[in-house]
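Please read the structure below before turning to the comments.
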Amino acid sequence: MKAAETAVNHDDLEPARVRTMDLAIIGAGPVGLEAAARATRAGLATVLFDAGAVADHVRAWGWLRLFSPFEWNAGPAGLELLGGREAELPAAGALLTGTELRTRYLLPLAESLRSRVDLREGARVRDAARADRLKGEALGEAARAEQPFRLLVEENGAETEVFARAVFDCSGTYGRPNWAGPSGTPAVGERSARRAIEYRVRDVLGAQRGRYAARRTLLLGNGHSAATTACALAALARSVPGTRFTWASREAHDTPLRAIPDDPLPERVRLTRRANAIAAEPPPGCEWLSRSRLLSVAQRDSRGFEVDLEIAGNVRRDRFDRIVANVGYEPDDRLYRQLQVHVCYASHGPMGVSAALLAAQGPRGDEPADCCIAADALGPETLRNPEPGFFILGAKSFGKNSAFLMRTGYEQVADAFSLLGWSAARATGAR
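In terms of our numbering, the sequence shown opens at residue 1 and continues consecutively.
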């Protein structure tokens with residue numbers, strides 16, 4: 001048979017490209033769900049992915065109570081979609097736990113969306129790129145938008161392609177804790193011990209009580225997460241003999257937490273005061289250390305951990321049963337490594353948002369960053385990046401900066417829709 005007779009029409013081999021969604025949303029947390037709710041209002045053909053289940057990260061810290069009231073943590077599009085169910089929703093001003101927010105707002109919102117969007121749980125987006133453009137092609141040109149995005153999705157043990165005109169990355173940072181070692185890098189031995197170290201705020205007085213009662217714990221960190229753990233460990237130390245902890249902070253200050261001037265969140269003010277009081281007068285056998293760094297860690301099976309701590313320039317070797325490293329989180333940029341995304345060299349978030357945050361909060365000095373940023377301090381233009389139609393929204397847009405509120409993410413969703421021209425006009429749907 002002649003070669004010409006075996007030629008294949010490649011157009012017949014690309015059925016996956018026939019259907020291109022209007023919008024693909026990565027992450028079915030609070031911000032991703034709000035984006036999906038707004039998309040249904042605009043009539044967009046939308047697919048919503050989550051590597052786990054809806055609001056999995058919220059479930060992980062479900063026992064914690066939020067500083068901010070319910071109306072700050074519910075999005076306008078989500079509330080509109082749940083219209084008629086006001087009696088079932090939390091009251092304005094209510095300070096909910098993560099579990100309460102998830103069960104009373106986020107899960108009902110997801111159920112309302114299931115008949116309107118393609119909600120795919122257990123679907124991890126591995127890569128995002130242009131369907132037929134390399135990272136370095138059409139630099140800064142609108143022509144890049146002529147090609148849809150191609151998402152490589154891992155689901156049920158198989159990989160599939162999904163194509164979309166626009167992509168919102170709302171995957172957050174909670175799944176990627178920072179390293180606890182010097183300068184944000186791993187301490188010697190930390191990689192090997194990572195599975196045994198707790199990097200999230202644990203329910204020390206509840207579900208995880210047995211892991212910390214009558215044990216000695218090393219707590220690393222100097223933010224509100226570490227303060228929450230410190231308060232819980234102090235309460236446990238006062239009630240259970242043999243419970244001890246060392247709280248190590250890297251910064252050189254007289255207190256582990258610095259008060260935010262005119263803080264509008266009373267519960268955050270109370271936590272700051274309690275944590276600083278514990279540092280000033282720890283329970284017997286406990287201590288707070290400033291100017292300290294974790295240099296090395298070795299897991300000693302049933303004997304816990306052996307660590308080297310640098311404290312004010314001196315090295316101390318010590319043993320602990322548990323290590324909790326509440327040292328923050330960072331975004332995973334592997335998803336969009338083939339897209340033209342301008343990332344801040346300091347925060348690792350998108351450049352526009354990072355620059356706006358720095359301008360709004362001022363140079364980082366002795367005062368901590370405040371998450372209560374005025375709505376107009378960010379604005380739509382901060383969300384733009386060189387890749388048209390691709391937006392990083394929510395906590396991930398703040399990079400390593402922890403000063404984020406859910407309501408800021410909801411404002412970003414509205415701004416992204418405005419930039420895409422989807423505020424009022426209905427989309428044409430998938431094709």
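All C-beta atoms, glycine included, are put in the ideal place defined by N, C-alpha and C.
At a Cβ-Cβ threshold of 7 Å, Asp321 and Gly304 count as neighbours. Beta bridge pairing from DSSP links Ala138 with no other residue. In the structure shown, the three-state DSSP call for Asp203 is coil. Collapsing the DSSP output to three states places Arg85 in coil. About 7 Å separates the beta carbons of Asp50 and Ala123, which is inside the 8 Å limit, making them a contact pair. Secondary structure of Ser354 (DSSP, three-state): helix. DSSP links Arg316 through a beta bridge to Leu309.
When the five nearest sequence neighbours on each side are left out, the beta carbons in the same chain lying within less than 8 Å of the beta carbon of Ala110 are those of Ala28, Leu33, Val54, Ala55 and Leu119, in order along the chain. Judged by DSSP secondary structure, Leu405 falls outside any beta strand (DSSP E); it is assigned neither H nor E. DSSP, reduced to helix, strand and coil, places Leu107 within a helical segment of the structure shown. For Ser296, the pairing in a beta bridge is given by DSSP as Val188 and Asp308. In its chain, beyond the 5 residues on either side, Ala36, Thr46 and Leu48 have a beta carbon closer than 6 Å to the beta carbon of Val117. By the 16-neighbour rule on beta-carbons within 10 angstroms, Glu198 is buried.
When DSSP states are grouped into helix, strand and coil, Pro241 belongs to the coil group. When only Cα atoms are considered, Leu358 and Tyr410 end up about 20 Å apart. Here Leu220 is near Ala248, since their CB atoms are less than 7 Å apart. Residue pairing for Phe391: DSSP places it in a beta bridge opposite Phe168.
When beta bridges are read from the DSSP output, Trp288 appears opposite Trp247.
Excluding the 5 residues flanking it on each side, Pro380 has same chain C-beta neighbours closer than 6 Å at Asp415, Ser418 and Leu419, in chain order.
Phe391 is the residue among Glu306, Ala377 and Phe391 whose C-alpha sits nearest the C-alpha of His342.
Across the set Ala207, Leu257 and Gly172, the C-alpha of Leu257 shows the shortest separation from the C-alpha of Arg274.
Inter-residue distance for Ala214 and Gln299 is about 19 Å (C-alpha atoms, whole angstroms).
Taking C-beta atoms as the reference points, Arg102 and Arg59 count as a pair closer than 7 Å. In the structure shown, Ala131 falls within a coil segment according to DSSP collapsed to helix, strand and coil. Between Asp203 and Thr97, the alpha-carbon positions lie close to 12 Å from each other.
Only residues of its own chain outside the window of five on either side were considered, and among them Thr382 and Ser397 have a CB closer than 6 Å to the CB of Val353, listed in chain order. Here DSSP, grouped into helix, strand and coil, assigns Phe149 to strand.
Taking all protein chains shown into account, Leu265 has 16 or more neighbouring C-beta atoms within 10 Å of its C-beta and is therefore buried. Rounded to the nearest angstrom, the Cβ distance from Ala237 to Pro283 is 4 Å, consistent with a contact under 8 Å.
Looking at the DSSP output, Thr217 sits in a beta bridge with Phe245 and Arg322. The beta-carbon separation of Ala279 and Thr255, rounded to 6 Å, stays under the 8 Å limit for a contact.
CA-to-CA, the gap between Gly189 and Ala128 works out to about 33 Å. For Asp415, the secondary structure class from DSSP, reduced to helix, strand or coil, is helix. In this structure, DSSP gives Arg65 an extended state, which the three-state scheme calls strand. When rounded, the separation of the alpha-carbon atoms in Leu81 and Ala312 is 55 Å.
Asp262 counts as exposed, since fewer than 16 other C-beta atoms from the protein chains shown sit within 10 angstroms of its C-beta.
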